[in-house]
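Q: Here our numbering runs 9 ahead of the position in the sequence shown, where the first position is 1. One structure is given below, represented as structure tokens, and several questions about it will come after.
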Amino acid sequence: MSALIDTIIASLPQSNNTASSGWTYFNAPCCYQTGHRPDTKKSGKVIQDSNGIKYYCSNCGYEASWQTGCSLSRNIKIIMKWLNISEDHINKIEFDILKQAGKITTKKFKDQFPTFETKALLEGAIKVSDITDVCKYSLAVLEFMEQRKLTLDDTDYYWSPHPAHRDKLIIPYFYENRIVGYITRFVQWSEKEQLDKSKYLRDVEPGYVFNLDAQDDTKEFVIVCEGEIDALHVGGCAIGGGRFIFKQQVMQLARLNKPIIYVPDRDREGRKMILKAMELGWQVSMPNWSKKCRDIGDAVVVTDRLETFSSIIESAEQCPTKINLKAKTWFHQKLQ
Ligand SMILES: [Zn+2]
């Protein structure tokens with residue numbers, strides 16, 4: 010029997026019945042999620058055999074299926090989530106299926122610490138410190154750096170005169186002193202342009218922790234935040250993107266063997282990440298910054314690096330009750 014099928018069957022709503030045709034009927038969890046009326050007529054059904062499993066909802070039309078030997082489709086993963094199967098569990102099942110299919114080698118599984126291949130930066134990229142051609146694009150990058158209080162000592166910032174890239178500041182991703190990827194920050198970005206252009210573009214293997222190389226013996230603790238620029242301001246690490254943290258990132262940070270202070274962004278994702286940080290036993294810091302500061306970068310612009318750094322250390326908190334209390338005022342709503 011397959012772990013995937015077993016898990017789905019075990020996670021069906023308790024009130025279900027199996028017809029002689031082999032289909033098992035239950036109130037479908039999909040309808041509400043797809044914007045339809047919640048199902049009360051047992052419109053959801055699954056059928057399984059030795060070759061796989063099928064899901065179908067006659068109310069909203071959602072369907073998903075899986076066949077032995079195949080990878081998991083997006084639909085099957087979504088319906089598993091809606092059946093309240095945890096993301097970790099889904100990932101584990103998916104991993105085992107890929108492994109069985111020979112798509113992942115066991116060796117890669119054993120040394121889970123990623124190695125990160127060396128990568129080239131964007132075409133034409135030169136260090137910002139080496140810019141001699143001052144045009145409106147390179148000037149915009151320099152102005153952005155000045156506004157955001159970035160200095161040439163922070164890291165090797167890059168810029169490219171290539172027409173496809175010239176409106177971006179490029180921050181290389183280092184790993185063991187090699188460049189293994191990068192993030193670009195579109196510098197003329199404004200709210201209006203948000204719809205057709207992405208402010209940040211990242212290119213790196215999953216599981217990367219930004220600025221890990223800088224966490225040397227001189228550091229007593231590690232400040233972990235979301236954004237790369239934020240991390241550079243306070244000499245911390247960034248885990249990127251919000252919402253979740255990769256297992257490899259947790260492992261790499263744990264290997265540093267230092268207390269970790271997590272600084273969330275002041276948004277919905279940040280609020281979710283606090284719960285994750287508490288689960289990991291990290292400290293969480295929500296400093297008394299002015300209300301318009303959404304992240305470390307904003308706080309540095311309003312005050313300066315030293316003051317922002319001190320405020321983070323002073324506000325670091327380990328006790329879950331205190332973190333919850335603080336979050337209420339910091340985000341203007343409860344954690345969950
Ligand atoms: Zn449905």
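Virtual Cβ for every residue (Gly too), placed ideally from N, Cα, C.
#1: Measure how close the beta-carbons of residue 51 and residue 64 come, nearest whole angstrom, since I'm counting them as under 8 Å.
#2: Would residue 182 and residue 217 be called neighbours here (beta carbons separated by less than 8 Å)?
#3: Give me the pocket residues for ligand 1, defined as CB within less than 5 Å of any heavy atom, sorted by chain position.
#4: Short check: CB of residue 74 to CB of residue 106, under 8 Å?
#5: Applying the criterion that 16 or more other CB atoms from any shown protein chain within 10 Å of the CB defines a buried residue, is residue 323 buried or exposed?
#6: DSSP three-state label for residue 190, please.
#7: Note down the Cα distance separating residue 77 from residue 55, rounded to an integer number of angstroms.
#8: Compute the Euclidean distance between the alpha carbons of residue 20 and residue 89, then round it to the nearest angstrom.
#9: How do the stretch 120-139 and the stretch 170-177 stand: do at least 3 beta-carbon pairs fall below 8 Å, yes or no?
#10: Do three or more CB pairs link the stretch 241-256 to the stretch 271-283 at distances below 8 Å?
#11: Is the stretch 234-241 touching the stretch 305-317, taking contact as three or more C-beta pairs under 8 Å?
#12: Classify residue 336: buried if its beta carbon has 16 or more other beta carbons within 10 angstroms, exposed otherwise.
#13: What does a CB cutoff of less than 7 Å around residue 11 pick up in its chain, not counting 5 residues either side in sequence?
#14: How many Å lie between residue 41 and residue 71 at the Cα?
#15: Exposed or buried, residue 38, counting other C-beta atoms within 10 Å across all chains shown (16 or more means buried)?
#16: Does the beta-carbon of residue 318 have 16 or more other beta-carbons within 10 angstroms, so that it is buried, or is it exposed?
#17: Any idea if residue 29 is buried or exposed, counting beta-carbon neighbours within 10 angstroms, 16 or more meaning buried?
#18: How is the alpha helix (DSSP H) around residue 329 delimited, first residue to last?
A: Once the coordinates are examined:
#1: That pair is no contact at about 13 Å.
#2: yes
#3: 37, 39, 40, 66, 68, 69 and 71
#4: no
#5: exposed
#6: strand
#7: 16 Å
#8: 8 Å
#9: Yes: the two stretches touch, three or more of their Cβ pairs being nearer than 8 Å.
#10: yes
#11: yes
#12: buried
#13: 77
#14: For residue 41 and residue 71, the distance between alpha carbons rounds to 11 Å.
#15: Here residue 38 is buried. Its C-beta has 16 or more other C-beta atoms within 10 Å.
#16: It counts as buried.
#17: exposed
#18: Residues 329-340.
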